[in-house]
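When we follow this note's numbering, the leftmost residue of the sequence shown carries the number 54, and every step to the right adds one.
Every residue, glycine too, gets a C-beta built ideally from N, C-alpha and C.
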Amino acid sequence: MGKIQTLPPLVSDLIAAGEVVERPAAAAKELIENAIDAGATIVITEIARGGTALLRVTDDGAGMSPDDAQRAFLRHATSKIRTAEDLRAIKTLGFRGEALAAISAVSRVTLTTREVSAEMGTAVEIEGGTVIDTHEAGCPAGTTIVIRDLFFNTPARQKFLKKDNTEAAQVQGVVVRAAQSRPDISFVFIADGREVLRTPGSGDLLDCLRNLWGRDAAKTVMKLSSGREGCTLSGYAGKPELTRGSRNQQNFFVNGRPIRSGALSTALENAFKHSVTVGRYPVCSLHVKMPEELYDVNVHPSKLEVKFVYERTMYELVYAAARDALMGDLPAPEYVPAALPVAPPKAEPAEYKPAAQTGPAPVSYAQTQMGVVAMESPKEETAPRMKTAETPQIAEPYRYVGEVLGGYLIVEQGDAILLIDKHAAHERFLFDRLKANAGAPMEQTLITPVIVKLAAEDCDILGENEELLHSFGLSVDLFGANSLAVRSLPDGVAADDAAALLSELAERLRSSRADDRRDAVLQGVACKAAVKVGRRFSAEEALQVVRWVMEDGIRNCPHGRPVAVKLPLSEIARRFLR
Ligand code: ADP
Ligand code: MG
Numbered sequence: 054m055g056k057i058q059t060l061p062p063l064v065s066d067l068i069a070a071g072e073v074v075e076r077p078a079a080a081a082k083e084l085i086e087n088a089i090d091a092g093a094t095i096v097i098t099e100i101a102r103g104g105t106a107l108l109r110v111t112d113d114g115a116g117m118s119p120d121d122a123q124r125a126f127l128r129h130a131t132s133k134i135r136t137a138e139d140l141r142a143i144k145t146l147g148f149r150g151e152a153l154a155a156i157s158a159v160s161r162v163t164l165t166t167r168e169v170s171a172e173m174g175t176a177v178e179i180e181g182g183t184v185i186d187t188h189e190a191g192c193p194a195g196t197t198i199v200i201r202d203l204f205f206n207t208p209a210r211q212k213f214l215k216k217d218n219t220e221a222a223q224v225q226g227v228v229v230r231a232a233q234s235r236p237d238i239s240f241v242f243i244a245d246g247r248e249v250l251r252t253p254g255s256g257d258l259l260d261c262l263r264n265l266w267g268r269d270a271a272k273t274v275m276k277l278s279s280g281r282e283g284c285t286l287s288g289y290a291g292k293p294e295l296t297r298g299s300r301n302q303q304n305f306f307v308n309g310r311p312i313r314s315g316a317l318s319t320a321l322e323n324a325f326k327h328s329v330t331v332g333r334y335p336v337c338s339l340h341v342k343m344p345e346e347l348y349d350v351n352v353h354p355s356k357l358e359v360k361f362v363y364e365r366t367m368y369e370l371v372y373a374a375a376r377d378a379l380m381g382d383l384p385a386p387e388y389v390p391a392a393l394p395v396a397p398p399k400a401e402p403a404e405y406k407p408a409a410q411t412g413p414a415p416v417s418y419a420q421t422q423m424g425v426v427a428m429e430s431p432k433e434e435t436a437p438r439m440k441t442a443e444t445p446q447i448a449e450p451y452r453y454v455g456e457v458l459g460g461y462l463i464v465e466q467g468d469a470i471l472l473i474d475k476h477a478a479h480e481r482f483l484f485d486r487l488k489a490n491a492g493a494p495m496e497q498t499l500i501t502p503v504i505v506k507l508a509a510e511d512c513d514i515l516g517e518n519e520e521l522l523h524s525f526g527l528s529v530d531l532f533g534a535n536s537l538a539v540r541s542l543p544d545g546v547a548a549d550d551a552a553a554l555l556s557e558l559a560e561r562l563r564s565s566r567a568d569d570r571r572d573a574v575l576q577g578v579a580c581k582a583a584v585k586v587g588r589r590f591s592a593e594e595a596l597q598v599v600r601w602v603m604e605d606g607i608r609n610c611p612h613g614r615p616v617a618v619k620l621p622l623s624e625i626a627r628r629f630l631r
């Protein structure tokens, strides 16, 4: 007799269950997907104690016949595909016929279901994979599945479960993604007897997001759309001011299936690269519609990942849509209501000079003076500039008008005026340049070292990060107990600013995690190297800042403050009561 034997079904079901239902949220995902596949218009998910004590999903979908109600729990029993050919273009969320078998192997399940046309419904009770009772039952059309005591017979799995709150949050995450995947279905989530969320099921994604993300967040989104090679993308992404500290709120859907995708997240983040602060992540709810043949969902046990045939196309779809939306979304300035007296702008009087007097006027300015509205196109750059490696961006034509109030640059583009904050823009520029050049520092050696007095703990932390600082062109040596000798400074930082730079860097280093230190130093240096509002740029320098903002789509300084605000003609006309 050989040693190899086929496992009894119960054991193989337990093994399969380990893959399909690793925690309550995974079971919830399968049940909700079944409800969606059954054509439900409302799906109610209820849990008690994180889903381990109770998980109930109720739908008003097609329901099951008495026979199907029992067959549903067999392994590889599915109504959704029949042939290998069907696997190539899966149109339903489920297709493996494994979920109910797996869930029922590790819990106590009660299924109640009725087809709309049937007089009576069916109730099936299953415990640890064995049917223990079936009977007729009066019940509404649709299906209710109750899962009790999940993992009661797999103590090893129980040990891996987190606190009830954590498991509940995971289940909620599943409902939140399902709700976005189908704005036409109303989703309700109830935890420990309390209704946590309810989407309207109106079919409008924004209605749905308003419920899931909150009213304020839903006001701070941009509509995205793009199309490429038979694939279309639509949905919403948060404006740069609506970001998160993690990728948790990046929601991608392919033909209504929630998926995780490194390529799509990277595309989104690359598009937002210049617009958000370091360590913040854009949020989105983006839906791709594409031929089923162009991706494979059969690559992940919980069907969370898909394999795209043309990954590059998918990347471009997201990148282009996000980039276009960001370009069109310069924040509008806030207005004092017209009925109130308008406060005069705050300005250093000495700084105020008409733009034409600030040096050689840019060509386009002169042309306008003669009545020609010159729409200047992007030209060769003399200043160093950071181009994103991806799709080159052709800016809409624009015209630089001049500088006002000692720090703001005015640009005309389309039927709007843009005001650029020179200081913020320059800071972002230096930040990106320093980042690109880190390792090959542009340093200025000081002829006589500058001695800076600092708190002892500031000296300590700067000393500990000596190498990091040095990579930005900043060399310091301990000089007595509470002082540092600064021998070289990053290019662009004035010797007078050395003390301020060092205490700022100490502060930033102290408050950042190890892997964020490089960016923390970058920000600190860029901030000090950037011009202060008030220092005049030559007209040529100002024009360079303008080009850089307009053509590279820079939207925020490294701290996340906007670099430009938009004043549309419609607003101007409104102010003149036209
Ligand atoms: P799959 O979804 O991969 O087909 P499942 O084990 O999740 O496998 O479900 C098995 C079958 O049970 C489904 O194919 C479907 O016919 C039926 N079923 C499960 N849940 C429901 C439901 N909520 N409403 C109607 N039918 C259902
Ligand atoms: Mg299923």
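Given a cut-off of 8 angstroms, decide if G174 and T183 are closer than it, judged by their beta-carbon atoms.
No, the pair does not count as a contact, with Cβ atoms beyond the cut-off.
State buried or exposed for R628, treating a residue as buried only when at least 16 other CB atoms are found within 10 Å of its CB.
exposed
So, are the CB atoms of R161 and D66 less than 8 angstroms apart?
Result no, Cβ atoms of R161 and D66 do not sit closer than 8 angstroms.
The ligand ADP and K56: does any heavy atom of the ligand fall closer than 7 angstroms to the residue's C-beta?
no
Under DSSP, the beta strand (DSSP E) around S239 begins and ends at which residues?
239 to 244
Considering only the alpha carbon of each residue, which of A125, F126, R149 lies closest to T136?
R149
Compare the Cα-Cα distances from L558 to each of A547, S234, K581 and report the closest residue.
Per the Cα distances, K581.
What runs of the beta strand (DSSP E), each 3 residues or longer, lie entirely inside the region 297 to 362?
303 to 307, 310 to 312, 337 to 342
Should G114 be counted as a contact of the ligand MG given a C-beta to heavy atom distance under 7 angstroms?
no
On the premise that G606 lies in contact with M380, defined as a C-beta separation below 8 angstroms, what is that separation, rounded to the nearest angstrom?
6 angstroms
At which residues does the alpha helix (DSSP H) containing C261 begin and terminate?
258 to 266
Between S73 and A81, which are expected to be in contact by the criterion C-beta below 8 angstroms, what is the C-beta distance as a whole number of angstroms?
Looking at the sequence itself, residue 73 is Val, so the reference to Ser does not match. Actually they do not touch by this definition, with Cβ atoms about 12 angstroms apart.
Take E345 and list the residues in its own chain whose beta-carbon comes closer than 8 angstroms to its own, dropping the five residues that flank it on each side.
R141, A142, I143, K144, N308
May I ask you to check if the CB of N87 is nearer than 7 angstroms to at least one heavy atom of the ligand MG?
Yes; taking the cut-off as 7 angstroms, the Cβ of N87 has a heavy atom of the ligand MG nearer than that.
Considering only C-alpha positions, which residue in the set R540, C337, T219, P311 is nearest to I85?
For the residues R540, C337, T219, P311, the minimum Cα distance to I85 belongs to P311.
My parser needs the alpha helix (DSSP H) runs of 4 or more residues fully inside the region 536 to 594; what are they?
Counting whole runs of 4 or more residues, the region 536 to 594 contains the alpha helix (DSSP H) stretches 551 to 563, 570 to 582.
Starting from the Cα of L499, find the closest Cα among S541, F484, E480 and give me that residue.
S541
Note down the Cα distance separating R247 from E172, rounded to an integer number of angstroms.
Near 33 angstroms, if we compare the C-alpha coordinates of E172 and R247.
Would you grab the beta carbon distance between Q233 and F306 for me? Rounded to a whole angstrom, and I think it's under 8 angstroms.
7 angstroms
Determine the closest residue to L44 out of R124, E168, D139, with distance taken between C-alpha atoms.
Residue 44 is absent from the model: the chain starts at 54 and stops at 631.
Which residue comes first and which comes last in the alpha helix (DSSP H) that contains D119?
Just to set this straight, residue 119 is Pro in the shown sequence, not Asp. Note, P119: alpha helix (DSSP H), 119 to 124.
Shorter than 7 angstroms, the distance from the beta carbon of E83 to the closest heavy atom of the ligand MG, or not?
yes
Around the C-beta of H327, are 16 or more other C-beta atoms found within 10 angstroms, so that it is buried, or is it exposed?
By the neighbour-count rule (16 or more Cβ atoms within 10 Å), H327 is buried.
Taking only heavy atoms of the ligand MG into account, decide whether any of them is closer than 7 angstroms to the Cβ of G147.
yes
In this structure, what does DSSP give as the bridge partners for V177?
L164, T187
Where do the N-terminal and C-terminal ends of the alpha helix (DSSP H) with E83 fall, by residue?
Per DSSP, the continuous alpha helix (DSSP H) segment holding E83 begins and ends at 77 to 90.
So, are the CB atoms of L462 and Y453 less than 8 angstroms apart?
yes
Only counting the same chain, and skipping five residues up and downstream in sequence, which positions put a Cβ closer than 6 angstroms to that of S287?
S278, H340
Just reading off the beta strand (DSSP E) that C284 is part of, what are its end residues?
284 to 291 is the span of the beta strand (DSSP E), which, as asked, contains C284.
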